[in-house]
Every structure is written in C-alpha cells, then in structure tokens.
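Contents: one structure, followed by commentary.
In this note's numbering, the protein residues as written are 7 to 585.
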C-alpha cells in the first residue's frame, strides 16, 4: 500500500493527490504508485494475481530451488529470480516455462499500459450470431500443443492487432468451413418457374431417365400427344419409357416403341385395382428414373404416394400435366389430386382455361404448356380422293368429320340432334364420326332412333383418323368439356374450317369467324346453323381454311418438346441423380 500522503507546507503535492497513478508491479508482489495515467479497473484486478504461483516449473533445477531472499530480488541470474513466482498474465519468451493447458493467458494491454498488467478477454458482441464468430480449428491447435511448438508462448503481434468484429454477418452458402448451415445448399426448383429457368449445360454424363405414366395407350387425345412427343424427342441425353395400367388399351404401344420408347404394362383390369401401385414401385426400384411424368389424374395421385415410399436416393422428381378441366374429373380423382398435387415438382396445364378451373392454391403453382402435334406427319397422311372412293362418296359432296371417343364428355347426343335438324332442313351435308368408347351401344341406339342413316356415319375406331379427316370439307366438335383437343389441332394442320363448342381451351385455338365458328355447348340448333352456313358458302370455307393453316403453326410439337426437355433437365439438375 502507498503510505498516507504527507505534504510539507508550500511543498509539492503527493502523487496520489495529483490524480492518475501508474502501478508498477515488481516481483514478489510489491507495487509502487507513481504519477502517471490512471490505471484501468481491469488492470488493477490482475495486479493481485502477480504473486500467485500459477506456473509449474518445467526444469529440474527449478524444483529444488531455495526460497528467495530479500537481497536476491532484482539480481540478474540469481536462483531467487528464476524460482520466484511469475505472474500469470506475463507471456514468457522461453518454451521451457509454459502455462498449463487449462490456463490460456489473457491478451495484453496495448502500448502505454502498466507493465505486466493484463485485461480480461472481451465478451462477444451482444446479439451476435454464433455462425458469424471466427472459426477455430481446435484439432490443429491440439496437435501443436502435443508437439510442444516453440511458438506456443510467443506473442502473436498479428493476433493482438487484429480488429474485433462486433457485427455478425449472415452465413452464406459456400462460406464458412465446417458448419453445416454454411455449407452449399442443393438448389430447389420453384414449380412456378420450372418453364422459365435457363437450361443447364451438361457435359459428358449419363442419360436422363424419364418415365411417362398413363392409364392406357388407346387412341385418345393425350395418348396421341405422347406419340407425337416421342417422335420429336431427339435429344441424345434423354431416355424415355412409358408405363400404362390397362392391358386392353394398348393400340399405340407399337407407335411408341417405333420411336424408341420402352413400354411397361402394369397389368390390371381396372384402374381401381391398386395392385398396379405395388408393381409401379417395383419398376421404379429395379429401374430408377430421374423424372416421373404423369398424364392421367388417377394414376398421378397414387404415383405420388408410391414415389414418397421410395428411398431418397432413387426417388424421382414428379411432373403432372393436366389435360382436361378440373371439373371434368370424378370426385374421387379431385379429392386424391387435391391432396397430393403439392408433392409435385412441376405442374403443367395444356391451356389457360384448363388452369383457371383449378382451385386457387393449385392454380398458383401450375404453368401453361400448350401441347402440339407433328404438323408435317399430319399433312403427309392426307388422302382425300382415296378415302372418298373407299367410302363411296362423291368428289363434290360436302362432308364434315369429327374424331372423338364415345364418352359423355364428347356429347354425341348434341351432335346427333344437330344432324337431325340438318336433315329436317334439307341441308346436303354428311358427317363422319371416328371413335370408340364405353357409350358406343347407347349412341348407336340413339342414332337408329333418330333415323339418321347415312347423314351421320359412325365409323368406329380407325387407325387412319387423319386420313379420314383429310377427306372432309370441315371439322365439327360438339363437346361439353375439353382441355385442348388433339383432333382440333390436327384439323387446323389439315386446313379445315372448324365448328366447335366454346369450352375449355377451344377458344384459345380457334378465332371465331376467322379459323372457325364457335357455338355454345349443349345447343343443337346453334351447332346445326353453323354447319349449314359453312356448307352453303364455299368461299367462306376457303378463307377459313387459309386461316386455319396459319393458326396451326402455333401447335408445332418441336416447340413444346423443347420447353418440356428444359423442365426435365432443370428438375434433374436440382437433386443428386439416382444410382
């Protein structure tokens, strides 16, 4: 302790009265007070520790040293000086006097601080995130400690002069060293942006494996779209296969295999037989794919569930194409798809009208991808004279044709009633109908009841539907519900003026009074009037035929396939490939 201040009359004041003092520690715990800068509180807290023996001697000569004597203090090289207690905060310059592993010397004060004084380590900045603190490789530090590095006790000028980072920076992908939150994250694809993302560039790698899933491969519109797409997929990095449920609907299997698409039949008599789901899972386990693309609502719902049961290493990305309006589905299909569609990685609709029928939460994640046809192949099948001769029709006879399955959606009663009105009005026109379906007996019975005869000919299922259409002067479609009919696009490619009901995506393909005539659904009189007007006006048919040919350019399958391949590549690039 510094003695009480004494001041002679007229003499200079004591150092303690001047104000700031400088604490100069000496070995043995003696501290003197001299005028100077006021000592920091943290420094004064450590002054008392200078006399505490915290270092263990590392040399044998220090263990048997005698206790220090008063006349030895301060002598250079005396045993008392080497055996005296050394302060904890003093960084020794010799490796044989190292601090114990549990004692990490606190950092020293800057220049101008009291000699030997130390300060406490600065606490981390408040509200600083743990991820932003400097990372320390403890394994390297432990190895250096075991090896007895001579730099263990040396002063690190660079470390002492390094500024303290008080504001944390948010962890970013690719930054940091070993923290999982700072690791590079696998990119995810937003389903709403699947079509707008740029196509990644692939170097030499294996082919992308795509599996199409449909209910059947009969001569329907969606199935014919698959055949057209298979012929247009010319990319060398794609390997496409197709799985279908119903073995009795396999009319297009040969066409797909001719384009190099392998087919797999899941072999159930009815789609409600869920054994096909187990067979689909076995197929995906034995032949993993990158993308599972469903084209039918009922198989799509169970296909999503089957995909979720697969191990993550072979789980494919899911794509679903909506080919018809949401309201046309049966209630079980709507419930199943409404619950499972959020599992998809990309949802596509064939027209804007089809997308608008979805519930709002599903419509927000769905993009419009208009499908197309092979325009050149459609026009190559034209054989007007040959088919007319085959069916016994005159060359100048006015003929309208339709290609539609015999289902409730196609509304054949509406077409039959319009044909009856045309017969009653004496309009010289014949209608050819190509298609098959579950309502064939009922429709034939209604045809006989109305006594239509040759005014409307039911040709049934034909593999040369395009050839039949090429022999017609116009195309008619009486559906009460549609997505974007393939037969409608084929009629435009053949240059046929169209009379169709304004449902689904039909108004997006047909411009009223330009490439065709649009009429209300379930209105036989309006349908008959439109057919009669075109049948009686050959010049109008010619103008509309030219407009139809020009409009068909918007439905080129090559453009559709290019965008679809971009979706496949973007989704496959977002996750590790299956083994």
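We treat Cβ as the ideally placed atom computed from N, Cα and C, and that holds for glycine.
The model shown is predicted, which means the values in this text are computed figures rather than measured ones.
Tell me the residue span of the alpha helix (DSSP H) that contains residue i.
i: residue 282; result: 281–292
i: residue 308; result: 303–314
i: residue 476; result: 471–476
i: residue 516; result: That residue, residue 516, is in no alpha helix (DSSP H); it is neither H nor E in DSSP.
i: residue 214; result: Taken as a continuous stretch (DSSP letters only), residue 214 belongs to no alpha helix (DSSP H), being part of the beta strand (DSSP E) at 214–220.
i: residue 507; result: Segment 504–507 is the beta strand (DSSP E) holding residue 507; no alpha helix (DSSP H) there.
Does the Cβ of residue i have 16 or more other Cβ atoms within 10 Å, making it buried, or fewer, making it exposed?
i: residue 337; result: exposed
i: residue 571; result: buried
i: residue 511; result: buried
i: residue 587; result: In this structure the chain extends from 7 to 585, so residue 587 is not present and cannot be described.
i: residue 362; result: exposed
i: residue 457; result: exposed
i: residue 26; result: Residue placement at residue 26 is poorly supported in this model, since its pLDDT is 48, which falls under 50; the coordinates are not used for a value here.
i: residue 346; result: buried
i: residue 267; result: buried
i: residue 501; result: buried
i: residue 254; result: exposed
i: residue 252; result: buried
i: residue 469; result: exposed
i: residue 226; result: buried
i: residue 164; result: Annotation note: pLDDT 43 at residue 164 (below 50); position unreliable, coordinate value reported separately. So residue 164 counts as exposed.
i: residue 578; result: buried
i: residue 567; result: buried
i: residue 395; result: exposed
i: residue 392; result: exposed
i: residue 312; result: buried
i: residue 291; result: exposed
i: residue 80; result: Confidence in residue 80 is poor, its pLDDT being 49 and thus under 50, which makes the residue's placement unreliable; the coordinate value appears in the next sentence. Its Cβ having fewer than 16 others within 10 Å, residue 80 is exposed.
i: residue 479; result: buried
i: residue 474; result: buried
Roughly how far, in whole angstroms, is the beta-carbon of residue i from the beta-carbon of residue j, given that I think they are within contact range, below 8 angstroms?
i: residue 308; j: residue 408; result: Not quite, the Cβ-Cβ distance comes to about 33 angstroms (not below 8 angstroms), so this is no contact.
i: residue 635; j: residue 270; result: Past the edges of the chain, shown from 7 to 585, lies residue 635, and the structure says nothing about it.
i: residue 305; j: residue 339; result: That pair is no contact at about 10 angstroms.
i: residue 261; j: residue 381; result: Residue 261 to residue 381, Cβ: 17 angstroms. No contact.
i: residue 350; j: residue 310; result: 7 angstroms
i: residue 486; j: residue 417; result: 4 angstroms
Would a C-beta distance cut-off of 9 angstroms place residue i and residue j closer than the cut-off?
i: residue 323; j: residue 352; result: yes
i: residue 258; j: residue 230; result: yes
i: residue 228; j: residue 492; result: yes
i: residue 320; j: residue 348; result: no
i: residue 503; j: residue 551; result: yes
i: residue 390; j: residue 477; result: yes
i: residue 484; j: residue 554; result: no
i: residue 490; j: residue 515; result: yes
i: residue 376; j: residue 328; result: no
i: residue 299; j: residue 219; result: yes
i: residue 232; j: residue 223; result: yes
Would you give the residue range spanned by the beta strand (DSSP E) that residue i belongs to?
i: residue 233; result: From DSSP, residue 233 is part of no beta strand (DSSP E) but of the alpha helix (DSSP H) over 227–238.
i: residue 4; result: Because residue 4 is not part of the residues shown, which for the chain are 7 to 585, the question remains open.
i: residue 329; result: Looking at the DSSP string, residue 329 is not in any beta strand (DSSP E), and its letter there is neither H nor E.
i: residue 245; result: 244–250
i: residue 353; result: 352–355
i: residue 453; result: That residue, residue 453, is in no beta strand (DSSP E); its alpha helix (DSSP H) goes 446–456.
i: residue 436; result: 436–440
i: residue 412; result: Unbroken run through residue 412: none, as it is neither H nor E.
i: residue 466; result: 462–466
i: residue 259; result: Not the beta strand (DSSP E): residue 259 falls in the alpha helix (DSSP H), residues 259–264.
Taking one C-beta from the stretch 537–550 and one from the stretch 566–580 each time, how about it: are there three or more such pairs within less than 8 angstroms?
no
contact_flag[the stretch 417–437, the stretch 391–404] where n(CB pairs < 8 angstroms) is 3 or more
yes
When you compare the stretch 446–462 with the stretch 505–520, are there three or more beta-carbon pairs, one atom per stretch, that lie closer than 8 angstroms?
no
Is the stretch 368–376 in contact with the stretch 524–535, if contact means three or more CB pairs nearer than 8 angstroms?
no
Is there contact here, the stretch 239–247 with the stretch 212–225, by at least three beta-carbon pairs under 8 angstroms?
yes
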